[in-house]
Amino acid sequence: MKKFSKNKWPLFFTGINIVLFCLFFLLPAILGLYYSLTDYKGYSGEKFIGLANYMELLKDKSFYKALLRTAEYTIVDVPILYAVSLLVAVMLNNDKVKGKFISKIIFFLPWTISGIIAGVIWRWLFGENFGFINYVISELHGEPVPWFTNGNFAFMVIVFASVWSYTAFNMLQFMTALKNIPKSLYEAADIDGAKWIDKFRHITLPTLKPTSFMVILLATINAMKEFALIQSLTNGGPGTDNMLIVQYIYSTGFDKMRVGYASAASMVLFVVLLALGIIQMKIGGSSNEE
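According to full-length UniProt numbering, the sequence shown is numbered sequentially starting from 1.
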């Protein structure tokens, strides 16, 4: 009884987390798996059809197109986001930089804005007929750029908007890790006459391996699940050129009312994310052991 009284609060809060996990993750996951095996359309009366939805997915070119575009977006977005976040963190961690407090606020503000609002902001900036960027280009006697009628240009805008929105979170992770690096390592390097690039390569980057692993892992998962930003920015356009997998699931489930089929696609996405997470954890674990 004494043990219980001592541990009641940890047990209480752990129990709350378990209940929330079951209610908002485990139960929806089980329902999603069940619906993926049915022809559920959003209302009662579904029929069990086994693996028919998954067999149809294997032949669905639109699904493969969305999955491929999601992979391309992740491959392009994550390295740029990582590099920009690390660069900003290194700059703000430098004692010689002035105005760091204001700079932190400026870089942090985009993270406080929802994806929908961020998409609207970038839509206004790059609008073809009313956008600020094309206005500046026209004032400089240039030709307006078809930002949202050209798939590749729209893709570039999406990547820029994503980096702008998510840099702050990763920057904070890097800044915390940079502060934990012993200054004695840099002082020893200075005595040996090492240049800043050598200190960055041989001290900063190796020390940041655990943080880099977490940043890349979370950025990859977030990129694979991106929805709100793209939905408000391009709505997957032009056409379906920039429709990512979550948008495909949303469109299939709510616009076409094929909830069972969309659930099957979400199960495939879950397996892909799980596989990516396991691979990255194995790679990150082995690199940290070295």
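Positions of the beta carbon are idealized from the N, C-alpha and C atoms, including for glycine. These numbers come from a predicted model, not from an experiment.
Which whole-angstrom value is the C-beta distance of residue i and residue j, which I expect to be below 8 Å?
i: Leu86; j: Lys104; result: With 8 Å as the limit, Leu86 and Lys104 do not qualify as a contact, their Cβ atoms being about 15 Å apart.
i: Ile158; j: Thr234; result: 7 Å
i: Ser62; j: Met267; result: Wrong, their Cβ atoms sit about 17 Å apart, outside the cutoff.
i: Thr220; j: Gln280; result: 7 Å
i: Ile216; j: Val78; result: 6 Å
i: Ala52; j: Leu178; result: About 53 Å separates the two Cβ atoms, so there is no contact after all.
i: Val163; j: Val84; result: 6 Å
i: Ile30; j: Thr38; result: No, Ile30 and Thr38 are not in contact; Cβ-Cβ is about 13 Å, not under 8 Å.
In the DSSP assignment, find the alpha helix (DSSP H) that holds residue i and state where it starts and stops.
i: Ile137; result: Phe132 to Glu139
i: Ile245; result: Ile245 to Tyr250
i: Trp164; result: Gly151 to Lys179
i: Pro144; result: No alpha helix (DSSP H) contains Pro144, which DSSP labels as neither H nor E.
i: Ile75; result: Lys61 to Asn93
i: Val215; result: Lys209 to Met224
i: Pro110; result: Lys100 to Thr112
i: Glu56; result: Ala52 to Leu57
i: Glu187; result: Lys183 to Ile191
i: Phe126; result: Gly115 to Phe126
i: Ser44; result: No alpha helix (DSSP H) contains Ser44, which DSSP labels as neither H nor E.
i: Lys199; result: Trp196 to Lys199
i: Gly32; result: Leu27 to Tyr35
i: Leu23; result: Per DSSP, Leu23 belongs to no alpha helix (DSSP H) and is neither H nor E.
i: Ile230; result: Ala228 to Leu233
Considering only their Cβ atoms, is the gap separating residue j from residue i smaller than 9 Å?
i: Leu218; j: Ala161; result: no
i: Phe148; j: Gly32; result: no
i: Glu46; j: Tyr54; result: no
i: Met224; j: Leu276; result: yes
i: Gly119; j: Ser232; result: yes
i: Met257; j: Gly42; result: yes
i: Phe155; j: Val76; result: yes
i: Leu140; j: Gly131; result: no
i: Phe213; j: Met171; result: no
i: Thr240; j: Ala71; result: no
i: Tyr73; j: Glu226; result: yes
i: Gly115; j: Asn242; result: no
i: Asp198; j: Ala189; result: yes
i: Pro102; j: Ile113; result: The question names Pro, but residue 102 in the sequence shown is Ile. Cβ atoms of Ile102 and Ile113: not closer than 9 Å.
Legend entry - contact_flag[the region 163-174, the region 123-137] where n(CB pairs < 8 Å) is 3 or more: The region 163-174 and the region 123-137 do not touch, with fewer than 3 CB-CB distances between them shorter than 8 Å.
Inset, instruction - Assess, as a yes-or-no matter, whether the region 238-247 is touched by the region 201-214 under the definition of 3 or more beta carbon pairs within less than 8 Å. - result: Segments in contact, no.
Legend entry - Three-pair Cβ contact test at 8 Å for the region 254-263 versus the region 19-30: At 8 Å Cβ cutoff, the stretches do not touch.
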